[in-house]
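Here the protein sequences come in this chain order: A and B. First residue of the first sequence: 1390, per my numbering; consecutive thereafter. First residue of the second sequence: 32, per my numbering; consecutive thereafter. Beta carbons are placed, not taken as given, at the ideal position from N, Cα and C, and that holds for glycine. Remarks on the structure that follows.
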Amino acid sequence: MLNIPCPHCGPRSEYEFQFGGEPATRPIPASEVSDAQWSDYLYARTNIKGRNRELWCHSGGCGQWFLMERDTVTHEIFRTETIGSGTIGA
Amino acid sequence: MTGTRIPAIGLIDRGQKLSFRWQGETLTGFAGDTLASALLANGVRVVGRSFKYHRPRGIFAAGAEEPNAILDVWHNSQNDPNARATLVPLQDGMSARAISGWPSLNFDAFQGLDLLHRFLPAGFYYKTFMAPDWHRYEPNIRRMAGLGTAQKTPDTRHYETRHAQVDVLVIGAGPAGLAAARAAAAGGRSVMLVDENPQFGGSLLWGDATINGQIGTAWARDTTASLAASGAQLLPNTTAFAYYDQNTIGLMEHRSHAASGWAEDRLWSVLAAEVVLATGAIERPLVFPNNDRPGVMLASAVLRYLRQYGVLVGKSVVLTTNNDSAYETATALLAAGGQVAVADVRAEPGPVANAAQAAGARVYAGSVVLNTGGLGGIAWADIGPADATSQRNATSRIGCDIVASSGGWTPVVHLFSQSGGKLRWDETLSAFLPNTGRQAHQLAGSMAGWQSLAECLASGHKAGGSHGEAPVTAIARLPTPLQPYWHVPITGARQWLDLQNDVTVKDVGLAARENFQSVEHLKRYTTLGMATDQGKTSNVNGLAVMAELTGRTIPETGTTTFRMPYTPVSLGAMAGMRHGDLYAPKRQLPAQSEHDAAGALMREYGGWMRPACYPLPGETEAQAVQREARLVRTNGGLFDGSSLGKIEVFGADAAKFLNLIYYNEVANLKPGRLRYVLLLRETGIIYDDGVIARVAEDRYLLSPSSSHTAGVLAMLELWHQTEYPSMDVAFHDVTAAWATIAICGPRVRDILATLATDIDLSDAALPHMAMAHGRIMGIQARVARVSFTGERSYEISVTAGHGAALWRHLLAQGPTPYGIESLSILRGEKGYILIGTDTDGLTMPDDLGMSGPLRAKKVDFVGKRSLTTPDGARPDRRQFVGLLPEQPGFVPMVGTHAITDGPTRRSLGWITTAAHSPTLGRSFALGMIEGGRAHMGETVTLFDRGKTSRATICSPVFHDVEGAKLHG
């Protein structure tokens, strides 16, 4: 059980959270994107072994999605932040 | 029968006699006994038959490491099919049986297998039972191996799950753990102390110790009492079985003393700022020929049974050792009136051995046990030189009833290793010790390699933060060093490494020769350490033998990964209260009581308990469904649709946002109007359908399918928060706030006329696909003209508390109540799809013939781009069509394939819905057929489990094709 620091609610049990995977940037305008680019956006993820940037939702709490920087091997959580605050990864 | 109870020794309560049964025979023990100590006190020798060779086996150890005494234990009509007798506190009325041995424990029909041992080497099963398939042999082999049988009746025990947070969690309440807990508590931190035994004290319960001038047991008792007084949480009978990330520890608390129904077992998840690992060490045996007979034990276990339980396991004991620790057992046995001989592999055993000799033990230096003998137990042991290469090198045969050994101590590094810590091999102790840790923990006592009591107490005090006065004990003199000794260098005789899985030194030799030399291969090929004891007494010995055979050092050979759980955890405890009705609580309709009164057959649909149909007395479900589906069209129907989702969407940007989400155009919807819509995933696949109502310019009401409501809400939130965060829009799930009852059919307007309402229900004010708000019977209400049956239909919603009253009022007007199964026929006759039934994870809107929005809608709605990919535009996509079976009485199974004719048959698609229609008087079906719309009127072959039939591809609308009845 991990303790995840929700940027709105503070540290809460992993059971209250939902994993949203690596964030993908939606190509805009979609109509001008190639099939390959669109397919990458839909399906291709880096799946890094190590320090990674992920979307999580505090679904059992405030219901807000946020970004988390986490090590996928050790499960160490480096930081979390609200969407749009823009310091994690990118 | 050799074990006896010695008066006046031990921590058992001799005033409290407990009666229990073993193999049907009634025996007695005392409060404070374990099942194992009580069996030994009653002279029980054989407790099981070995896994592979069916050799008799006896109790070997006194703790969690026990490999042999795995028993089927019943208490309070509840069963533990594979209980470790050494960890089961004896209870009055308990009943235990061996899990192996057929027809009886003392005569095993398969014991002849032992004579065939030459032909049953490691890997025998893998090599022999190959053709045609292992699974053919597996059940018989498993039965022969003898494992406990799970009870057939439900487990009525009450399990609980608990969560806790503490400053310091101390694991192990031996001297080091008690010292750590004491110091941490003195430092003002919140402390939790756990131990797998019923009593705190660890080795103090059987060791010879004085701390702060008190006897060890008294110090343990007083320290425990002062910890309790300081507010520390004390959990005896509790195993820390797992060390997870972020200092989270899994605890299994056995509350066998609890009365039935009062949380017999509790599973804890503890988040600790700091963990103190004081998990102790397990003695490992010396390996010698015939070291598996009942009566061969660990030297420390013999000591523990004597000192803690007052059980002298044998009157004449041969000890064999390579270190000093067995001598405490020797002197304790002598003091209790036993006879003792010690075979010590060391040429110069040193002062501790001399003291034992002075007390009356015969000590054989440079010697080891070369053989044991006796019928169903031990009658003698041969002693000979430690470097003997033949059993004929034996120099003395000693009559005895117990042979106990010590090969050194293995620190319990399981939890440390699970936490991500790395180990190092210590030559002096011949043991793996913790090296570098990864989490917030302190190490204390013998698990960290400390040997003397003084060092264990000091390390514990330090681990607890060194608060308060350190406990004081006499400094012991330095022990004579251990001499590594892994097995007797004799090749002919069998020497057991793993007693539970019957793995011998020869098996490891075979694995080495066949190149299964990696420690992970060795484990799987020979099954060494793979039994329920996880090799607690055998892994290091097996590893050392492999190292020796392959000319490598032990650290080069490596160690296998320690995995949770440390000891088995029952599935019941894992489930906790999440079973039965609480596993996935079902939602109930507001008018549930009315459906029960109407005799509804209730069934779960997407998490809701809903009426499947309302069978009349004597009617089958199929008959009821046919009657209801017919009467809805002729008489009118009444349906509880309260489980349909209701999500309110508000905000200045509500229209703009929803238009970016939904497949269909929703921004141009007029207030008061409804539209049928599809919701896609970004992949273009249909996720849900439903009806969307525009309540006002800035307000919508969505009606997703019952089982998708939570998913749709989550999707709206995700898109709003991550893609369109600046839009002014908010969502609110109000599903549970409203009861929605639908009435439909020819008499519907007459029925509506009985409702007192201020809502104008005329067609001019409320046409099909419109919604109006007002009051019904004085209650807040809304009415929507929307139909899932094809009949003129009104969905009436009132606040949930009035659902039952509304249902009662409408039912009294005479419509036919109908359930989900009947609705399935009605909607099928109209070709109305059911998402997830008629569609699957590949279905796109055009496959259903709904391609308008893709062409007309300009905004970049979710999934739009995916519809124009090559896959989305493939001409051979399966399309939604109707199928009329050639035989009108034949209803094909859902999932029946349509196939090509000709020599190479290929699937063209399948049937998704099929039923007999009482209105059509014949069967009909819906399905997804490759390029189906281009083949209207053609016949195809249906194929179901070898049988074929024919059907005609047609429009999916079978009833009222013009839709006149919606307005009729």
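So which residues of chain B does residue i contact, with C-beta pairs closer than 7 Å?
i: tryptophan 1454 of chain A; result: Leu749, Gln752 and Thr753
i: methionine 1390 of chain A; result: Tyr275, Thr279 and Ser300
Give the residues of chain B in contact with residue i, contact being defined as C-beta atoms less than 8 Å apart.
i: tryptophan 1427 of chain A; result: Arg896, Ser897 and Thr900
Distance cutoff 7 Å, beta carbons only. Does residue i sit that close to anything in chain B?
i: histidine 1464 of chain A; result: yes
i: cysteine 1395 of chain A; result: no
i: alanine 1479 of chain A; result: Confidence is the limiting factor: at alanine 1479 of chain A the pLDDT is only 45, short of 50, which leaves the residue's position unreliable and the question unanswerable from this model.
i: glycine 1399 of chain A; result: no
Is the CB-CB distance between residue i and residue j below 7 Å?
i: arginine 544 of chain B; j: threonine 535 of chain B; result: no
i: aspartate 375 of chain B; j: alanine 392 of chain B; result: no
i: threonine 568 of chain B; j: arginine 315 of chain B; result: yes
i: serine 736 of chain B; j: aspartate 719 of chain B; result: yes
i: proline 1416 of chain A; j: tyrosine 1404 of chain A; result: no
i: serine 490 of chain B; j: glycine 476 of chain B; result: yes
i: serine 497 of chain B; j: alanine 214 of chain B; result: yes
i: leucine 71 of chain B; j: tyrosine 336 of chain B; result: yes
i: proline 876 of chain B; j: tyrosine 693 of chain B; result: no
i: asparagine 243 of chain B; j: valine 77 of chain B; result: no
i: leucine 308 of chain B; j: histidine 106 of chain B; result: no
i: glutamine 122 of chain B; j: arginine 188 of chain B; result: no
i: leucine 675 of chain B; j: proline 848 of chain B; result: no
i: phenylalanine 989 of chain B; j: glutamate 860 of chain B; result: yes
i: glutamine 548 of chain B; j: threonine 590 of chain B; result: no
i: tyrosine 645 of chain B; j: alanine 660 of chain B; result: no
i: phenylalanine 272 of chain B; j: proline 596 of chain B; result: yes
i: leucine 700 of chain B; j: serine 818 of chain B; result: no
i: alanine 945 of chain B; j: valine 922 of chain B; result: yes
What residues of chain A sit near residue i, judged by a beta carbon separation below 8 Å?
i: proline 756 of chain B; result: Ile1472 and Gly1473
Give a yes or no on whether the minimum CB-CB distance between residue i and chain A is below 7 Å.
i: aspartate 781 of chain B; result: no
i: aspartate 891 of chain B; result: yes
i: methionine 32 of chain B; result: With a pLDDT of 43 at methionine 32 of chain B, under the threshold of 50, the modelled position of that residue is not reliable, and the figure given next carries that caveat. Cβ-Cβ to chain A under 7 Å: no for methionine 32 of chain B.
Between residue i and residue j, how many whole angstroms is the CB-CB distance? I'm expecting something under 8 Å.
i: proline 621 of chain B; j: glycine 809 of chain B; result: That pair is no contact at about 18 Å.
i: threonine 441 of chain B; j: isoleucine 313 of chain B; result: 5 Å
i: threonine 1435 of chain A; j: leucine 1456 of chain A; result: Not confirmed; about 15 Å, so no contact.
i: arginine 706 of chain B; j: methionine 800 of chain B; result: 7 Å
i: aspartate 789 of chain B; j: glycine 805 of chain B; result: 5 Å
i: glycine 940 of chain B; j: glycine 958 of chain B; result: 6 Å
i: tryptophan 6 of chain B; j: arginine 338 of chain B; result: Given a span of 32 to 999 for chain B in the structure shown, any question on residue 6 of chain B remains unanswerable.
i: leucine 541 of chain B; j: alanine 153 of chain B; result: 5 Å
> Which residues, in order along the stretch 1405-1425 of chain A, keep a beta-carbon less than 9 Å from a beta-carbon of chain B?
Replying inline: The stretch 1405-1425 of chain A vs chain B, Cβ under 9 Å: Gln1407, Gly1409, Pro1412, Arg1415, Pro1416, Ile1417, Pro1418, Ala1419, Ser1420, Val1422 and Asp1424.
> For the stretch 294-308 of chain B, which residues have a CB atom closer than 7 Å to at least one CB atom of chain A, in sequence order?
Replying inline: Ser300 and Leu302
> If contact means a Cβ-Cβ distance below 7 Å, which residues of the stretch 706-731 of chain B contact chain A?
Replying inline: Glu713 and Thr714
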